[in-house]
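Residues in the sequence shown are numbered from 2 upward in steps of one, following this note's numbering.
Scroll down for the structure; my scribbles are underneath it.
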Amino acid sequence: MLVIVALAGAMLGRISHAHGFCRTMTGREANDPPGTNRCAGWNEREQRACCPHGKPLYWKNACIGYSLQKDASRQVSLSDAERVFARAFETWTKTTCSTDAASRVSIQVSYLGPVECGTVGYNSDGPNQNVIVFRDGSWDHMDATNTLGLTTVRYDPSTGEMFDADMEINAYQRRPLSIADSLPSGAVDLPSIATHEAGHVLGFAHSSAEDATMFAAYRAMTMRDLSSDDTSGICGVYKPDQNRVTAAGPLLADACDPTPRHGYTSACVSGGSSGGGGCSVPGDDSSQTPPPLALGLSALSLVLLRRLRTCD
Ligand SMILES: [Zn+2]
Numbered sequence: 002m003l004v005i006v007a008l009a010g011a012m013l014g015r016i017s018h019a020h021g022f023c024r025t026m027t028g029r030e031a032n033d034p035p036g037t038n039r040c041a042g043w044n045e046r047e048q049r050a051c052c053p054h055g056k057p058l059y060w061k062n063a064c065i066g067y068s069l070q071k072d073a074s075r076q077v078s079l080s081d082a083e084r085v086f087a088r089a090f091e092t093w094t095k096t097t098c099s100t101d102a103a104s105r106v107s108i109q110v111s112y113l114g115p116v117e118c119g120t121v122g123y124n125s126d127g128p129n130q131n132v133i134v135f136r137d138g139s140w141d142h143m144d145a146t147n148t149l150g151l152t153t154v155r156y157d158p159s160t161g162e163m164f165d166a167d168m169e170i171n172a173y174q175r176r177p178l179s180i181a182d183s184l185p186s187g188a189v190d191l192p193s194i195a196t197h198e199a200g201h202v203l204g205f206a207h208s209s210a211e212d213a214t215m216f217a218a219y220r221a222m223t224m225r226d227l228s229s230d231d232t233s234g235i236c237g238v239y240k241p242d243q244n245r246v247t248a249a250g251p252l253l254a255d256a257c258d259p260t261p262r263h264g265y266t267s268a269c270v271s272g273g274s275s276g277g278g279g280c281s282v283p284g285d286d287s288s289q290t291p292p293p294l295a296l297g298l299s300a301l302s303l304v305l306l307r308r309l310r311t312c313d
């Protein structure tokens with residue numbers, strides 16, 4: 002069974018949190034037919050509150066494993082990309098939730114190495130990879146000029162448990178990608194994009210906090226590091242006591258196993274529900290146009306966007 006969902010989020014069950022992090026939600030209420038996503042396009046409709054519909058997403062296991070497509074990009078070598086994404090995930094997972102060093106969040110993300118497969122997809126009855134792939138030659142999603150990255154997530158619509166996450170980086174848009182600590186004029190900061198998309202992989206939607214890494218509109222450099230709002234998010238979901246906060250209440254993490262669901266493979270597996278079409282239900286893109294307040298931040302504001310799909 003599967004459902005599609007697109008976009009947005011909600012925060013821990015309340016929308017009264019006017020400025021703050023949001024969790025990605027399934028977007029489907031109990032009596033909604035399969036495929037319903039009340040959160041689709043939420044960012045365009047409502048910038049100041051999280052989508053309240055459905056259940057928040059989470060990873061049950063204490064560990065997630067990801068891979069990079071082995072060709073990386075004409076602009077960014079595999080070894081550079083490996084460094085950038087390792088740091089991006091670590092920026093989230095190294096977070097401590099108090100001054101106590103033992104208060105580290107209870108989610109770890111491990112690099113499983115380069116893979117052949119660069120296809121966004123999820124195989125519901127065979128091995129998978131959570132892949133990060135650069136798109137050098139084309140961008141097949143909406144708004145190729147203004148979209149910098151897209152993360153597609155699969156999850157169980159009945160619980161919100163995440164099964165798979167694939168990330169695409171737009172290396173086709175006109176601005177060059179940079180990994181330098183001093184950003185060249187006109188370039189886009191890949192580490193900022195990576196850290197933002199890593200937040201989507203972990204189950205977060207866009208935040209209304211303008212200084213947050215999870216704010217929808219791109220900001221060079223400062224998205225590399227978490228704001229207090231992002232820290233509140235990761236600490237609020239993947240608690241140091243090993244519990245995740247789910248719609249059903251606290252849930253103890255499974256012991257660390259970064260193997261993708263149903264096993265790991267470097268190859269694209271045909272059949273099942275893998276492939277660009279994913280889960281046999283068309284994906285639903287939603288773009289986040291920069292909210293008015295973001296327009297003043299930078300004339301170069303670029304939109305970060307992601308897409309969600311679900312299968313179980
Ligand atoms: Zn985003």
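From the three backbone atoms N, C-alpha and C, an ideal C-beta is built for every residue, glycine too.
**OP:** Name the two residues that bound the continuous alpha helix (DSSP H) containing G200.
**Re:** Mapped onto the sequence shown, residue 200 falls at position 199. Per DSSP, G200 belongs to the alpha helix (DSSP H) from 191–202.
**OP:** Report yes if the CB atom of A206 is closer than 7 angstroms to the CB atom of F90, and no otherwise.
**Re:** Within the sequence shown, the letter at position 205 stands for residue 206. Within the sequence shown, the letter at position 89 stands for residue 90. Contact: no.
Subject >> Nearest residue (CA-CA) to A217, options S229, S193, S233, K240 >> reply: Position 216 of the sequence shown, counted from the start, is the residue given in the question as residue 217. That would be S193, whose Cα lies nearest to the Cα of A217.
**OP:** Could you check if S281 is buried or exposed, using at least 16 other CB atoms within 10 Å of its CB as the buried criterion?
**Re:** Here residue 281 corresponds to residue number 280 of the sequence shown, with the count starting at 1. Legend: pLDDT at S281 = 28, less than 50; position of this residue unreliable, no value from coordinates given.
Original post:
With distances taken from CA atoms, which of S159, G127, Y239, T96 is nearest A249?
Top reply: To locate residue 249, count along the sequence shown from 1; it is residue 248. Out of S159, G127, Y239, T96, S159 has the C-alpha closest to the C-alpha of A249.
**OP:** Would you identify the three-state DSSP class for L69, choosing helix, strand or coil?
**Re:** Locating residue 69 in the sequence shown gives position 68, where the first residue counts as 1. L69: strand per DSSP, three-state reduction.
Original post:
For I170, does the three-state DSSP call read helix, strand or coil?
Top reply: Numbered from its first residue, the sequence shown carries residue 170 at position 169. Three-state DSSP puts I170 in a strand.
Original post:
Exposed or buried, T146, counting other C-beta atoms within 10 Å across all chains shown (16 or more means buried)?
Top reply: Stepping through the sequence shown from its first residue, residue 146 is reached at position 145. Exposed is the call here.
**OP:** Taking all protein chains shown into account, decide if G21 is buried (16 or more other Cβ within 10 angstroms of its Cβ) or exposed.
**Re:** Your numbering for residue 21 matches position 20 in the sequence shown. So G21 ends up on the buried side.
Original post:
In whole angstroms, what separates the C-alpha of S74 from that of I170?
Top reply: Here residue 74 refers to the residue found at position 73 of the sequence shown. Here residue 170 refers to the residue found at position 169 of the sequence shown. So the alpha carbons of these two residues sit roughly 9 angstroms apart.
Subject >> Contacting residues, own chain, Cβ-Cβ under 6 angstroms from W140 (five flanking each side not counted) >> reply: Locating residue 140 in the sequence shown gives position 139, counting from the first residue. So the list reads N171, Y173, once near-sequence residues are dropped.
Original post:
What residue does the alpha helix (DSSP H) around V121 start on, and which one ends it?
Top reply: If you number the sequence shown from 1, residue 121 lands on position 120. Element bounds for V121: n/a, residue is neither H nor E.
Original post:
What is the DSSP secondary structure of S229, reduced to helix, strand or coil?
Top reply: The sequence position of residue 229 within the sequence shown is 228, counting from 1. Here S229 sits in helix by DSSP.
Original post:
Which one or two residues does DSSP pair with M143 in a beta bridge?
Top reply: The residue given as residue 143 occupies position 142 in the sequence shown. DSSP lists no partner for M143.
**OP:** Can you give me the start and stop residues for the alpha helix (DSSP H) that T153 sits inside?
**Re:** Residue mapping note: residue 153 aligns to position 152 of the sequence shown, counting from 1. Per DSSP, T153 belongs to no alpha helix (DSSP H); it is in the beta strand (DSSP E), 150–156.
Subject >> Presumed contact (8 angstroms Cβ cut-off) between Y59 and V238, rounded CB distance >> reply: Numbered from its first residue, the sequence shown carries residue 59 at position 58. Numbered from its first residue, the sequence shown carries residue 238 at position 237. Correct: roughly 6 angstroms between the Cβ atoms.
Original post:
Just the Cα atoms here: how many angstroms apart are R29 and D167?
Top reply: Working through the sequence shown from its first residue, we reach residue 29 at position 28. Working through the sequence shown from its first residue, we reach residue 167 at position 166. Roughly 22 angstroms separates the two Cα atoms.
Original post:
Apart from the five residues just before and just after V134, which ones in its own chain have a Cβ nearer than 6 angstroms to its Cβ?
Top reply: The residue given as residue 134 occupies position 133 in the sequence shown. For V134, where only same-chain residues beyond five positions count, the Cβ hits under 6 angstroms are Q70, G119, E169.
**OP:** State the CB to CB distance for the pair G66 and Y219, rounded to an integer number of angstroms; the pair is presumed to be in contact (CB under 8 angstroms).
**Re:** Stepping through the sequence shown from its first residue, residue 66 is reached at position 65. Stepping through the sequence shown from its first residue, residue 219 is reached at position 218. Rounded, the Cβ-Cβ distance is 27 angstroms, inconsistent with contact.
Subject >> Per-residue DSSP class, three states only, for G28 >> reply: On the sequence shown, position 27 is the one that residue 28 refers to. Correct three-state label for G28: coil.
**OP:** Find the nearest neighbour of C98 within the set L253, D33, D231, R155, judged by alpha-carbon distance.
**Re:** By one-based count along the sequence shown, residue 98 stands at place 97. Ranking the options by Cα distance to C98, first place goes to D231.
Original post:
When burial is assigned at 16 or more other CB atoms within 10 Å of the CB, is G122 buried or exposed?
Top reply: For the purposes of this step, residue 122 is taken as the residue at position 121 of the sequence shown. With 16 or more Cβ atoms within 10 Å of its Cβ, G122 is classed as buried.
**OP:** With DSSP collapsed to three states, give me the class of V238.
**Re:** Reading the sequence shown from its first residue, position 237 is the one you call residue 238. Note: V238 maps to helix in three-state DSSP.
Subject >> Three-state class that DSSP yields for G21 in the structure shown >> reply: The residue labelled residue 21 in the question sits at position 20 within the sequence shown. Coil, per DSSP.
Original post:
Between the beta-carbon of T96 and the beta-carbon of V85, is there less than 7 angstroms?
Top reply: Walking along the sequence shown from the start, residue 96 turns up at place 95. Walking along the sequence shown from the start, residue 85 turns up at place 84. Their beta carbons are not under 7 angstroms apart, which means T96 does not touch V85 by this criterion.
Original post:
Mind checking whether S111 and P259 have CB atoms under 7 angstroms apart?
Top reply: As a working mapping, residue 111 is identified with position 110 in the sequence shown. As a working mapping, residue 259 is identified with position 258 in the sequence shown. Yes, the Cβ-Cβ distance between S111 and P259 is below 7 angstroms.
Original post:
Is E211 helix, strand or coil by DSSP?
Top reply: Your numbering for residue 211 matches position 210 in the sequence shown. Three-state DSSP puts E211 in coil, outside helix and strand.
Subject >> Cβ distance (whole Å) where H54 is taken to contact C40 below 8 angstroms >> reply: For this step, residue 54 is matched to residue 53 along the sequence shown. For this step, residue 40 is matched to residue 39 along the sequence shown. Confirmed, Cβ separation roughly 6 angstroms.
Original post:
Among E211, M26, G127, P251, which residue has its Cα nearest to the Cα of R49?
Top reply: By one-based count along the sequence shown, residue 49 stands at place 48. Here the closest residue by C-alpha is E211.
**OP:** Kindly indicate which three-state DSSP category V106 falls into: helix, strand or coil?
**Re:** The count along the sequence shown starts at 1 and reaches residue 106 at position 105. V106: coil per DSSP, three-state reduction.
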